[in-house]
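If you read the protein sequences in the order shown, they are chains S and B. If you're matching positions, the first sequence starts at 502 in the working numbering and goes up one per residue. If you're matching positions, the second sequence starts at 502 in the working numbering and goes up one per residue. Here a beta-carbon is modelled for each residue, glycine too, at the ideal position from N, C-alpha and C.
2 protein chains.
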Amino acid sequence: MNRILVIEDEVDIADLLALNLKQAGFVPILAHDGITGLALARSGSPELILLDLNLPGMDGVCVFKALRLDPLTLRTPVIMLTARAQPEDRVAGLGLGADDYLTKPFSIKELLLRIKAVLKRREAHSPRSPLCAGPLRFDPTALQCYADNAPLDLTITEYRLLQHLCEHAGHVCDRSELLRSVWGHSDDTHSRTLDTHVKRLRVKLGRHARRLETARGTGYLLRTTPLLPGDKSVTQIRLPDAR
Amino acid sequence: MNRILVIEDEVDIADLLALNLKQAGFVPILAHDGITGLALARSGSPELILLDLNLPGMDGVCVFKALRLDPLTLRTPVIMLTARAQPEDRVAGLGLGADDYLTKPFSIKELLLRIKAVLKRREAHSPRSPLCAGPLRFDPTALQCYADNAPLDLTITEYRLLQHLCEHAGHVCDRSELLRSVWGHSDDTHSRTLDTHVKRLRVKLGRHARRLETARGTGYLLRTTPLLPGDKSVTQIRLPDAR
DNA sequence: CTCAAACGTGACAAGATTGTCACAGTGCGG
DNA sequence: CCGCACTGTGACAATCTTGTCACGTTTGAG
Numbered sequence: 502m503n504r505i506l507v508i509e510d511e512v513d514i515a516d517l518l519a520l521n522l523k524q525a526g527f528v529p530i531l532a533h534d535g536i537t538g539l540a541l542a543r544s545g546s547p548e549l550i551l552l553d554l555n556l557p558g559m560d561g562v563c564v565f566k567a568l569r570l571d572p573l574t575l576r577t578p579v580i581m582l583t584a585r586a587q588p589e590d591r592v593a594g595l596g597l598g599a600d601d602y603l604t605k606p607f608s609i610k611e612l613l614l615r616i617k618a619v620l621k622r623r624e625a626h627s628p629r630s631p632l633c634a635g636p637l638r639f640d641p642t643a644l645q646c647y648a649d650n651a652p653l654d655l656t657i658t659e660y661r662l663l664q665h666l667c668e669h670a671g672h673v674c675d676r677s678e679l680l681r682s683v684w685g686h687s688d689d690t691h692s693r694t695l696d697t698h699v700k701r702l703r704v705k706l707g708r709h710a711r712r713l714e715t716a717r718g719t720g721y722l723l724r725t726t727p728l729l730p731g732d733k734s735v736t737q738i739r740l741p742d743a744r
Numbered sequence: 502m503n504r505i506l507v508i509e510d511e512v513d514i515a516d517l518l519a520l521n522l523k524q525a526g527f528v529p530i531l532a533h534d535g536i537t538g539l540a541l542a543r544s545g546s547p548e549l550i551l552l553d554l555n556l557p558g559m560d561g562v563c564v565f566k567a568l569r570l571d572p573l574t575l576r577t578p579v580i581m582l583t584a585r586a587q588p589e590d591r592v593a594g595l596g597l598g599a600d601d602y603l604t605k606p607f608s609i610k611e612l613l614l615r616i617k618a619v620l621k622r623r624e625a626h627s628p629r630s631p632l633c634a635g636p637l638r639f640d641p642t643a644l645q646c647y648a649d650n651a652p653l654d655l656t657i658t659e660y661r662l663l664q665h666l667c668e669h670a671g672h673v674c675d676r677s678e679l680l681r682s683v684w685g686h687s688d689d690t691h692s693r694t695l696d697t698h699v700k701r702l703r704v705k706l707g708r709h710a711r712r713l714e715t716a717r718g719t720g721y722l723l724r725t726t727p728l729l730p731g732d733k734s735v736t737q738i739r740l741p742d743a744r
């Protein structure tokens with residue numbers, strides 16, 4: 502269902518691309534000049550943009566810069582296409598912040614491969630693809646945390662505490678670190694404030710409460726690994742197995 | 502000041518890379534096997550990792566998967582290096598989510614170019630590089646908004662409202678859209694709730710209050726362009742004086 | 001100019017949030 | 001087993017947050 506915007510003035514090439522994109526399961530949107538391309542980038546919300554640099558009228562580089570100025574298209578990945586094979590073009594393209602760069606003639610196979618790689622990267626790193634740790638998922642735009650895709654009703658302090666723990670999932674966060682990160686101060690280490698909020702988090706985490714483990718004498722730790730009933734191998738960190 | 506972790510078992514190549522990285526202004530960290538590499542990736546917080554795929558003991562692909570499993574290294578960009586030039590390797594590497602891929606022998610110049618491109622991309626798209634709109638900047642990790650780098654003391658509702666406006670900076674957001682995005686419902690269009698929160702936002706925005714413009718009959722709009730005293734170009738309304 | 005619709009504003013009360021405290025429970029070294 | 005240091009818990013009050021309302025102001029069409 503991924504929409505891909507193709508900004509390419511040569512109709513033959515554009516049609517060829519559209520055909521292949523369609524076959525690969527994408528939904529192509531075609532624009533034959535820069536202005537149309539910009540408009541469609543905004544209104545069509547494509548997941549990715551293929552941008553020819555040799556455009557009539559508005560130059561491809563200008564189109565690219567315009568895309569990066571508009572908050573709506575700022576984060577849409579762009580793959581540049583060009584007939585010019587000079588290394589300095591390549592430098593210019595990548596230097597501007599394009600996500601990839603292909604010189605014509607290119608194989609459709611390679612293009613599709615690179616499209617998939619860019620989309621995969623984007624999915625893994627995009628701010629819209631939220632922080633994940635085990636069954637927990639954060640949506641920073643909605644300021645919402647999900648456990649097993651069910652929204653958790655967290656207060657803002659709980660959200661920040663859990664977010665910090667998730668960002669360091671599998672690693673012990675000591676009390677002063679949490680106090681500094683969530684409350685903005687590192688004194689007051691003997692207050693029971695942190696403990697109380699951990700308790701509240703555990704209540705809201707329900708069946709995942711056991712993942713929020715106590716590192717006695719140090720701080721707290723969020724486990725992302727499966728919970729094994731008899732597992733006592735806590736506090737110290739094992740390198741994650743690559744399965 | 503960027504640290505770059507080089508995981509490469511051939512000492513000669515590693516040293517050569519280290520030298521060139523140092524000359525280019527990076528701080529190289531060397532690891533000659535996968536396990537050491539994983540440990541240094543975690544403890545050294547490198548900005549980028551160069552990963553040889555032909556490692557003794559733990560295979561490069563395993564190292565990569567382990568890097569992607571650990572929340573601390575999950576978002577660190579990885580450039581893969583390999584002697585194998587087979588396209589299927591390229592597919593495998595990019596398919597796994599590597600940020601780039603080079604086959605030996607490669608030119609140091611090209612490597613440095615690609616490193617810079619990846620870092621630039623990362624900086625532009627990283628969740629840690631916050632949403633920006635004019636003088637406003639969001640830090641989703643700290644849930645903090647800054648105006649001219651001075652932190653704004655926003656409540657969570659104000660934060661979400663301003664975030665939505667920033668994400669669509671320069672475009673009018675109509676009332677129902679804002680109500681849906683921030684409050685989760687689209688009825689109640691005639692309530693004064695939204696207006697009240699806009700008012701509170703304007704107070705806290707201080708001298709930038711005029712950027713939060715009213716689109717009469719529609720909704721609100723955040724301007725990112727410089728405010729020109731005599732500018733009458735938009736759906737503009739008179740705004741409270743910035744004192 | 002007149003008027004109705006739309007927006008701005010100050011005040012307020014209900015409700016949510018949060019830090020603190022006292023005390024109970026737990027793990028650990030000796 | 002004992003005692004100590006550390007953590008868990010429930011209750012509570014101070015504070016913050018937020019939606020609503022009444023009323024004043026502005027806008028733009030006729």
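Remark: C-beta atoms of B:Asp600 and S:Arg622 approach each other more closely than 8 Å. The C-alpha of S:Ile580 is placed about 36 Å away from the C-alpha of S:Leu666. The continuous alpha helix (DSSP H) containing S:Glu659 extends over residues Ile657 to Glu668. For B:Leu655, the closest of B:Arg638, B:Ala670 and B:Glu668 by C-alpha to C-alpha distance is B:Arg638.
In this structure, the CA atom of S:Ile616 is about 33 Å from the CA atom of B:Leu517. Of all alpha-carbon atoms in B:Lys705, B:Val699 and B:Arg708, the one lying nearest the alpha-carbon of B:Leu722 is that of B:Val699. Within the region 674 to 697 of chain S, no residue places its CB atom closer than 7 Å to a CB of chain B.
Within the region 652 to 672 of chain S, the residues whose Cβ lies closer than 9 Å to some Cβ of chain B are Thr656, Ile657, Tyr660, Arg661, Gln664, His665, Cys667, Glu668, His669, Ala670, Gly671 and His672, listed in chain order. With distances taken between CA atoms, B:Leu614 lies nearest to B:Leu522 out of B:Leu522, B:Ser546, B:Arg712 and B:Glu509. Residue environment: S:Gly671 is assigned as buried (16 or more neighbouring CB atoms within 10 Å of its CB, all protein chains considered). The beta carbon of S:Val528 sits closer than 6 Å to the beta carbons of Arg504 from its chain, once the five residues preceding and following it are set aside; these are given in chain order. Around B:Ala634, the beta-carbon contacts reaching into chain S at under 9 Å are Pro572. Using a CB distance cut-off of 8 Å, B:Leu637 does not count as an interface residue toward chain S.
Contact check for S:Leu554 and S:Thr577: beta-carbon distance about 17 Å, past the 8 Å limit, so the pair fails to qualify.
The beta carbon of B:Leu582 sits no closer than 8 Å to any beta carbon of chain S. For S:Asp516, the enclosing alpha helix (DSSP H) begins and ends at Val512 to Gln524.
Listed by position along chain B, the residues whose Cβ is nearer than 9 Å to that of S:Leu644 are Pro641, Leu644, Ile657, Tyr660, Arg661 and Gln664. Residue range Thr694 to Leu706 is occupied by the alpha helix (DSSP H) that includes B:Thr694.
Looking from the CA of S:Leu520, the closest CA among S:Ser677, S:Ile609 and S:Gly720 belongs to S:Ile609. Using a 10 angstroms sphere on the CB of B:Ile657, the tally of other CB atoms stays under 16, which defines it as exposed.
Between S:Asp510 and S:Leu549 a beta carbon distance of about 19 Å is seen, past the 8 Å cut, so the two are scored as non-contacting.
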